[in-house]
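As you go down the protein sequences, you meet chains G and D in turn.
The C-terminal position of the first sequence is numbered 236 in this note's numbering, with every residue numbered one higher than the one before it.
The C-terminal position of the second sequence is numbered 134 in this note's numbering, with every residue numbered one higher than the one before it.
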Amino acid sequence: MVKKFFVLIILVFFAVMLLPFAQDVTPFKELSQTATKYVKDGPDELGGANLVTSVIVTYRGLDTLGEVTVLFIATAGVGFFLRREDKRKEKKKRESSQILQSGSAFLFPLILMFGVYIFLHGHLSPGGGFQGGVVLASALVLLLLSRSATKINDTVLHLVESLSGASYIAIGVLGLVLVVGVGFLDTTILDLGEFGRLLSAGAIPLIYSFIGLKVGAELVGIIDNMRKDQS
Amino acid sequence: MTIITILGFILVLIGLWGMLTQKNIIKIIIGFSIVDTGVHLIMVSIGNLKDRTAPILDKAVDKTEALTRVVDPIPSALVLTAIVIGLAVTALMLSYAIKLYENKGTLDISEFKELKW
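Take a look at the structure:
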């Protein structure tokens, strides 16, 4: 009873604390100064139609690098905690039904293709590396759920993850090395191309593809770790 | 302030209530996710401009009129980052929960007294 009272007090204090902030949030009428620069110069500087992608991959590329690192650390943590003993008892599981097996076999390549589509078109349409990676992972999760005998090859998973992560860094470093005047993670090292085409916007599609592969591999790793642990 | 901002704050409070009152660890994690969603809503609503469209240039939104037609792209980018981080943190918390359950055989938070003082 006392505890509930304290919780109530804490919540009320929190609400009172948030109230002035909530009142102060006035919707902007115009774009802020930074946003104005990004919207005005972004399409010509970077050639990407999706301005959010331009912000994430190039203008705030370092933040995205940090984000990928956080995701990697979390995956490593999950793998560390759910590390299982090698001699696990193989329980015989009931096979899933024919409908589930055929359905997942039909959907698996389609979902995979959709994921690749999303991260390849990250600079043109809504989507990008992170979203595409999640779709890729969802295809494999479908396979894991519908066929309990599926085994994911850890070596391939780790290879994909580390290679794409290393390539991402390598492209970033290329910006420092190749051309004078551009910095780390600059995507203008490649030709900008024609605005709105698939192969345009410099290195943005390349970087987003690597991010997509990395995120997909990491998420499949997380799900695989959790699944193995309970079998 | 807009209705979406208010809804975001309400979600934050609901999540906080869940984290403070629930005994089940999984429910606490769900409360955390609700706080997460609320914060995302607030951030998106700050960057939102009335009667404007997504910051993606195509046939509908020309390069020249983009300044007056699109919303702020920076909060969207921030929320994209925050969603991915939230996913990673939730996965990590769930693996903690799995380990705790293996050790104690229960998910009741009041059973874990080792760090209480």
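Quick reminder that beta carbons are idealized off the backbone N, C-alpha and C, glycines included.
Three CB pairs or more closer than 8 Å across the stretch 88-100 of chain D and the stretch 52-65 of chain D
Touching, yes.
In its own chain, which residues sit with a C-beta less than 7 Å from the C-beta of GLY180 of chain G, not counting the 5 before and 5 after it?
Answer for GLY180 of chain G: VAL187, GLY188, PHE189, LEU190, ASP191, ILE194, listed in chain order.
What's the C-alpha gap between THR38 of chain D and VAL29 of chain D?
Each residue's alpha carbon lies about 14 Å from the other.
Closest by C-alpha distance to ILE42 of chain D, when choosing among D:ILE102, D:TYR118, D:ALA71, D:LYS130:
Among D:ILE102, D:TYR118, D:ALA71, D:LYS130, the Cα nearest to that of ILE42 of chain D belongs to D:TYR118.
Mind pulling the chain G residues with CB within less than 9 Å of PHE26 of chain D?
Per Cβ cutoff of 9 Å: ALA20, LEU23, LEU24, PHE26, ALA27.
Out of G:VAL83, G:ALA79, G:PHE77, G:GLY71, which one is the CA nearest neighbour of LEU95 of chain D?
Measuring from the Cα of LEU95 of chain D, the nearest candidate turns out to be G:GLY71.
Measuring only between beta-carbons, confirm whether VAL87 of chain D sits less than 8 Å from chain G.
When Cβ-Cβ separations below 8 Å define contact, VAL87 of chain D makes contact with chain G.
According to DSSP, ILE73 of chain D sits in a beta bridge with which residue or residues?
Its beta-bridge partners are G:ASN55.
Got a sec? Which residues, its chain only, sit under 7 Å from LEU105 of chain G by beta carbon, not counting five neighbours each side?
Taken in chain order, the residues that qualify are SER151.
How many angstroms separate the CA atom of PHE85 of chain G from the CA atom of VAL75 of chain G?
In a straight line, the C-alpha of PHE85 of chain G is about 15 Å away from that of VAL75 of chain G.
Give, in chain order, every residue of the stretch 37-54 of chain D whose Cβ lies closer than 9 Å to some Cβ of chain G.
So the list reads LEU37, THR38, given in the order they occur along the chain.
Should ASP159 of chain G be flagged as near chain D, meaning a C-beta pair shorter than 8 Å?
It does not: the Cβ of ASP159 of chain G has no partner Cβ on chain D nearer than 8 Å.
8 Å Cβ cutoff met for PHE49 of chain D and MET36 of chain D
Yes, the pair counts as a contact, with Cβ atoms nearer than the cut-off.
Between which two residues does the alpha helix (DSSP H) containing ALA114 of chain D stretch?
For ALA114 of chain D, the uninterrupted alpha helix (DSSP H) segment begins and ends at 90-121.
Would you grab the beta carbon distance between GLY138 of chain G and LYS219 of chain G for me? Rounded to a whole angstrom, and I think it's under 8 Å.
Indeed they touch by this definition, with Cβ atoms about 7 Å apart.
Which same chain residues end up closer than 6 Å to TYR213 of chain G when comparing Cβ atoms and leaving out the 5 residues on each side of it in sequence?
Taken in chain order, the residues that qualify are PHE124, GLY127, GLY133, GLY134.
Measure from the C-beta of LYS42 of chain G to each C-beta in chain D and report whether the shortest distance is under 8 Å.
Output row for LYS42 of chain G: interface = no.
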